[in-house]
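**Student:** Next up is a structure, given as structure tokens.
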Amino acid sequence: MEESKAEAQSQAASSKVKGGSYIVNLVNAKGDKAGEATLTQTGDGVKVEVNATGVKPGEHGIHFHETAKCTPPDFKSAGAHFNPTEKKHGFLNPKGPHVGDIQNVKADKSGVVKDEVVSNLVTLSEGSDNSLFANGGTSLVIHDKADDYKTDPSGNSGDRVLCGVIKK
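Numbered according to our numbering, the sequence shown spans residues 1 to 168.
Here you go:
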């Protein structure tokens with residue numbers, strides 16, 4: 001019974017198409033919807049617009065993870081960072097970055113994230129190794145702390161606090 005509840009919560013974090021963009025439902029550690037991220041392919045890469053609540057004020061690491069699963073409370077089901085090129089973590093790491101690395105997002109003093117970042121390391125187009133839909137999909141994870149952009153494997157960004165599934 002508990003396994004089916006966790007599976008249902010993971011499915012609640014699934015994505016849907018809206019006007020050419022992908023809406024990724026973000027859930028918190030209780031499995032409750034905490035917002036969404038809109039993914040849009042642009043000429044510069046994939047634009048990630050985050051609108052979420054329930055995180056600490058300040059900067060938060062955000063990454064694409066390798067598995068299209070978000071089982072609360074710890075979201076370890078999302079696997080490691082999406083890294084088909086097998087690089088080290090971080091924009092400041094000479095052997096990085098992972099394909100799943102994204103710039104930090106910021107929450108206001110009320111714990112609301114309304115932020116936008118662009119990743120030129122991934123695509124929404126199918127058929128390439130860096131597609132967010134490769135191998136059945138990926139997930140988007142927001143962490144408790146800011147990513148330091150260098151510490152392998154996850155930028156010292158702390159626990160996974162929000163998660164959303166990216167798949168077709």
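Glycine residues also receive a C-beta, built at the ideal position from the N, C-alpha and C atoms. Model, not experiment: these values are computed from the prediction.
Classify Asn104 as buried or exposed, calling it buried when 16 or more other Cβ atoms lie within 10 Å of its own Cβ.
**Tutor:** Its Cβ being crowded by 16 or more others within 10 Å, Asn104 is buried.
**Student:** Within 10 angstroms of the Cβ of Pro97, are there 16 or more other Cβ atoms? Answer buried if so, exposed if not.
**Tutor:** Per the 10 Å Cβ criterion, buried.
**Student:** Count Cβ pairs between the segment 145-157 and the segment 110-126 that sit closer than 8 Å; are there 3 or more?
**Tutor:** Contact between the segment 145-157 and the segment 110-126 is absent, because fewer than three Cβ pairs lie under 8 Å.
**Student:** Residue ranges of each beta strand (DSSP E) run of no fewer than 3 residues wholly in the segment 32-70, ordered along the chain?
**Tutor:** As far as the segment 32-70 is concerned, its whole beta strand (DSSP E) runs of at least 3 residues are 33-42, 45-52, 58-60 and 62-65.
**Student:** Roughly how many whole angstroms lie between the Cα atoms of Thr42 and Pro73?
**Tutor:** In a straight line, the C-alpha of Thr42 is about 33 Å away from that of Pro73.
**Student:** May I ask you to list the residues that DSSP assigns as paired with Leu162?
**Tutor:** Leu162 is bridged to Ile142.
**Student:** Is the beta carbon of Leu162 closer than 9 Å to that of Asn28?
**Tutor:** Result yes, Cβ atoms of Asn28 and Leu162 sit closer than 9 Å.
**Student:** As a quick exercise: from Asp32, Asp108, Ala146 and His63, pick the residue whose alpha carbon is nearest that of Ser119.
**Tutor:** The residue with the shortest Cα to Cα distance from Ser119 is His63.
**Student:** If distances are taken between C-alpha atoms only, which option among Gly90, Lys69 and Ala37 comes closest to Asp148?
**Tutor:** Nearest C-alpha to Asp148: Gly90.
**Student:** Please determine if the segment 32-48 and the segment 77-88 are in contact, where contact requires at least 3 C-beta pairs separated by less than 8 Å.
**Tutor:** No, they do not touch.
**Student:** Thinking C-alpha only, which one of Gly158, Ser157 and His81 is nearest Val99?
**Tutor:** Comparing Cα-Cα distances from Val99 to each of Gly158, Ser157 and His81, the minimum goes to His81.
**Student:** Using DSSP bridges, identify the partner residues of Glu126.
**Tutor:** Per DSSP, none; premise fails for Glu126.
**Student:** Going by beta carbon distance, what residues of the same chain come within less than 6 Å of Asp108, once the five residues before and after it are set aside?
**Tutor:** Closer than 6 Å at Cβ, skipping near neighbours: no residue.
**Student:** Lys95: buried (16+ other C-beta within 10 angstroms of its C-beta) or exposed?
**Tutor:** Per the 10 Å Cβ criterion, exposed.
**Student:** Taking buried to mean at least 16 other C-beta atoms within 10 Å of its own C-beta, is Leu132 buried or exposed?
**Tutor:** Under this definition Leu132 is a buried residue.
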